[in-house]
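Everything on this sheet refers to the single structure shown next.
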DNA sequence: GAGTCTTTATGATCCGGGTCATAAGCTGTT
DNA sequence: AACAGCTTATGACCCGGATCATAAAGACTC
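As structure tokens, then:
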């Protein structure tokens, strides 16, 4: 999972390249651009939030582990996207941990500077709200799925969601789903075996196609 | 469920009486206070968001129904709390519907006025962010539970969560859980029968107590 | 206080997806 | 080329919670 060749299938979430906060502003508010390696922990569940984070390069996964070691992925963040703001603004401990999925660069800005930046830039502040709201939308969607739908429905929903973020014309094109079976399992609360079996079944029923082992939809 | 005597057990979420936006500000930005009856639909899933809402009196439930008619409760909002902002700010259709649980009063403010209010009042804007972030925290928590924990763990988590919102000294006091078995089921993605059986089992094991049929923890 | 509706309760049955074991296919590394 | 470590695959088995049926207890209405 850690070294999944996600990026080669397509420049993931290209529209997200647009940064939540532009580089120039980040710099003028004391953010620093830190190099990170692969599989590097950015912050851990339970710790206090002290900084604003924004991916410049690479990808970051937020996740929780239950006592049996099973993982649930709370979100994956691509270049341009910010993460970890809720505990910062809501003033509560991190509910999950963050780890890099690839080497890259991450902006970090102290809380005080971040708040000042928001105060000075209404447009950025509104952009941040939009980001938070979309994240709530994602969570509501997944929650609805996990609470009452079967594996096939869950997989279709998440596949369609990511397709809509990726494709220029989601209704026409077909795209290759940039996740392994394990990643899909971690995002939908299913087990790998269930994802594997369900994908197979859906292929037989013509609900999706396989290219090698890659899922196309 | 609709006429559960929630309010008589204690003034629910008393600290929440503090309004997200104070009445005076609401009025000066063209909000109007509408009277609502019990079981009144405020907005429906799929519709476009045009207004800001804030409970003045009564309670509002946000929920989704799956095709089999099973409900999942996305949130319950008490006096002083706002709701339905994510689709308004994130610019997407309502992912769930909202219904009143009791008769009461609700502030409604047109989107344009709401945005102007935020622009003019940085403190309110930050307060809103805090509300959105706490809501994300709640959803992350429930998502983690529903994705990988058993009924007992799910119930304990949600009971503790509400207790922490209600109790002055959560570690010392015991409070009566202000929800029916059905409501707990709808919030945790379980079935009524499972909640009933699990609660019974937990009482036998001394993990909670029952007063009549009311859960005390 | 009769009647209706909601809530709690309990037993019987079923089955979808988790668990476990095992293996083959790929990918990247040295 | 060989090896390690993911990733995909498949079968066998099992079990927890959903489903279904039925009923008693409370709560609210007139």
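Residue numbers (our numbering), protein chains in the order written: chain A, 198 to 414; chain B, 198 to 414.
By construction, the Cβ of each residue, glycine as well, lies at the ideal position given by its N, Cα and C atoms.
Of the residues the options, which one's Cα is nearest the Cα of residue i?
| i | options | result |
| --- | --- | --- |
| residue 286 of chain B | B/247, B/399, B/302 | B/247 |
| residue 300 of chain B | B/244, B/270, B/258 | B/258 |
| residue 278 of chain A | A/231, A/242, A/216 | A/216 |
| residue 340 of chain A | A/354, A/252, A/400 | A/354 |
| residue 234 of chain B | B/220, B/275, B/243, B/298 | B/298 |
| residue 265 of chain B | A/361, A/256, A/407, A/346 | A/346 |
| residue 254 of chain A | A/274, A/306, A/263 | A/274 |
| residue 230 of chain B | B/237, B/251, B/244 | B/251 |
| residue 244 of chain A | A/236, A/283, A/402 | A/283 |
| residue 311 of chain B | B/281, B/323, B/249, B/399 | B/249 |
| residue 336 of chain B | B/317, B/309, B/358 | B/358 |
| residue 376 of chain A | A/369, A/370, A/385 | A/385 |
So, at 7 Å on beta carbons, what are the nonlocal neighbours of residue i in its own chain, with the 5 sequence-adjacent residues on each side left out?
| i | result |
| --- | --- |
| residue 395 of chain B | 348, 349, 352 |
| residue 293 of chain A | 242, 259, 260, 261, 271 |
| residue 387 of chain B | 348, 351 |
| residue 306 of chain B | 223, 226, 227, 228, 248, 249 |
| residue 328 of chain A | 217, 279 |
For residue i, which of helix, strand or coil comes out of DSSP?
| i | result |
| --- | --- |
| residue 376 of chain A | coil |
| residue 355 of chain A | helix |
| residue 289 of chain A | coil |
| residue 349 of chain A | helix |
| residue 262 of chain B | strand |
| residue 202 of chain A | Its pLDDT being 29, under 50, residue 202 of chain A is placed unreliably in this model, and the value from its coordinates should be taken loosely. DSSP places residue 202 of chain A in coil when its eight states are reduced to three. |
| residue 408 of chain B | strand |
| residue 276 of chain B | coil |
| residue 248 of chain A | strand |
| residue 327 of chain A | helix |
| residue 413 of chain A | strand |
| residue 362 of chain A | helix |
| residue 335 of chain A | helix |
| residue 370 of chain A | coil |
Apart from the five residues just before and just after residue i, which ones in its own chain have a Cβ nearer than 6 Å to its Cβ?
| i | result |
| --- | --- |
| residue 392 of chain B | 378, 381, 382 |
| residue 268 of chain A | 260, 262, 383 |
| residue 239 of chain B | 295 |
| residue 237 of chain B | 297 |
Over the uninterrupted alpha helix (DSSP H) stretch that includes residue i, give me the two end residues.
| i | result |
| --- | --- |
| residue 217 of chain A | Taken as a continuous stretch (DSSP letters only), residue 217 of chain A belongs to no alpha helix (DSSP H), as it is neither H nor E. |
| residue 394 of chain B | 389-401 |
| residue 310 of chain A | 308-317 |
Name the DSSP bridge partner or partners of residue i?
| i | result |
| --- | --- |
| residue 297 of chain B | B/257 |
| residue 268 of chain B | B/262 |
| residue 302 of chain A | A/232, A/254 |
| residue 239 of chain B | Its beta-bridge partners do not exist; DSSP assigns none. |
Specify, as a first and last residue, the run of the beta strand (DSSP E) that residue i falls within.
| i | result |
| --- | --- |
| residue 231 of chain A | 229-233 |
Excluding the five sequence neighbours on either side, which residues of its own chain have a C-beta within less than 8 Å of the C-beta of residue i, listed in chain order?
| i | result |
| --- | --- |
| residue 321 of chain A | 217, 218, 222, 314, 315 |
| residue 360 of chain A | 367, 372, 374, 414 |
| residue 405 of chain B | 356, 396, 399, 412, 413, 414 |
| residue 389 of chain A | 378, 379, 382 |
| residue 199 of chain A | Here residue 199 of chain A scores only 29 on pLDDT, less than 50, and its place in the model should not be relied on; the value that follows carries that caveat. Excluding positions up to five away in sequence, the list reads 235, 236, 298. |
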